[in-house]
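So the mapping is simple: our numbering equals the position in the sequence shown, first residue as 1, plus 27.
Even glycine gets a Cβ: it sits at the ideal position worked out from N, Cα and C.
In what follows, a structure is listed as structure tokens, so that the remarks can point back to it.
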Amino acid sequence: MASYGTFYRPIASSSTSASKADQPDESKDSTRKNRNDFKLLCPFNIPLTPEAAAVRIIRNLRYFGLYYTLFVWIILFISLVPERKHSLIFLVDMTVVTCFFLILLRALPNSVVLQVIDRRLVLAVLAVVTAVELILTRAAIHLGVTLACGIPIILVHAILRVTDDLFVGEEACAAGGLVPLVGVKTGDVESNSAASV
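This is the structure we're talking about:
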């Protein structure tokens, strides 16, 4: 279990035993070389251009959209708990309606009525109705503060988060060979680190 999740590179060994006798510290040098070849992959990176940042924002909003929505919803829920019980009830009711609609989409994917109605349109209408309910129950300040705190955090995450090309598929390891840690990155504007080494 000590090597779970790690990949090893083959150690380049010399062809003659005489050269091993001449250099008694070769094992230390090869270990140092292997440590220098190891690359720590981080899922966060600063984009190089504004275009790369825009691409990342769009990609991450598609990929993490549900998580971003839940993040804002939880902040709003926590801010409504101490003072605005009626607003909290309306928020929970709209959450139930939204979940019911999404369950219908999952249960009846080929329904004619659900194909005519766009999912994004329904979710946008539910978000507007929720905002209007919160304004009518005098919780607009909570909604404004929640959006003012949540949206910058979401944008920073969407800009800095790199795509999930950090895993190795089973097909790559199926032949029993070792997988290189440094390779071509297929992202927005990332460069090939193997070419620079």
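Q) When the Cα of Leu153 is compared with those of Pro136, Thr96, Leu182 and Ala166, which residue comes out closest? A) Thr96
(request) Indicate the three-state DSSP secondary structure (helix, strand or coil) for Arg89 in the structure shown. (result) Three-state result, Arg89: helix.
For Ser114, count the other beta carbons within 10 Å of its own beta carbon; 16 or more makes it buried, fewer makes it exposed. Which is it?
Its Cβ being crowded by 16 or more others within 10 Å, Ser114 is buried.
Looking at the unbroken alpha helix (DSSP H) that takes in Asp145, where does it start and where does it end? Run containing Asp145: none; DSSP gives neither H nor E here.
### Leu132 versus Ile105: straight-line alpha-carbon distance, rounded
29 Å
Self-check item: Nearest candidate by alpha-carbon position, reference Arg111, set Ile162, Ile181, Leu68 and Ala151
Solution: Ile162
By the three-class DSSP mapping on this structure, what secondary structure does Arg188 have? strand
- Given a cut-off of 7 Å, decide if Pro77 and Val189 are closer than it, judged by their beta-carbon atoms. no
Does the count of Cβ pairs from the region 170 to 186 and the region 71 to 90 closer than 8 Å reach three?
Yes, since at least three Cβ pairs between the region 170 to 186 and the region 71 to 90 fall closer than 8 Å, the two stretches touch.
Backbone secondary structure at Leu174 - three-state DSSP | helix
Discussion item. Measuring only the C-alpha atoms, how far is Glu160 from Asp145?
Written reply: Between the alpha carbons of Glu160 and Asp145 lies a gap of roughly 23 Å.
ask   = Who are the near neighbours of Phe117 in its chain, counting only those whose CB is closer than 8 Å to its CB and skipping five residues on each side?
value = Thr157, Glu160, Leu161 and Thr164.
| request: Going by CA-CA distance only, name the one from Ile168, Gly171, Gly177 and Thr122 that's closest to Ala151. | output: Thr122
Query - Cα-Cα separation, Ile181 to Leu75 - result: 19 Å
- Query: Where Pro136 and Asn72 are concerned, what is the direct C-alpha to C-alpha distance, given to the nearest angstrom?
  - Reply: 38 Å
Open item on the list: Only counting the same chain, and skipping five residues up and downstream in sequence, which positions put a Cβ closer than 7 Å to that of Leu107?
Closed with: Residues of the same chain with a CB within less than 7 Å of the CB of Leu107, apart from the 5 flanking positions on each side, are Ser114, Leu115, Leu118, Ala166 and His169 in chain order.
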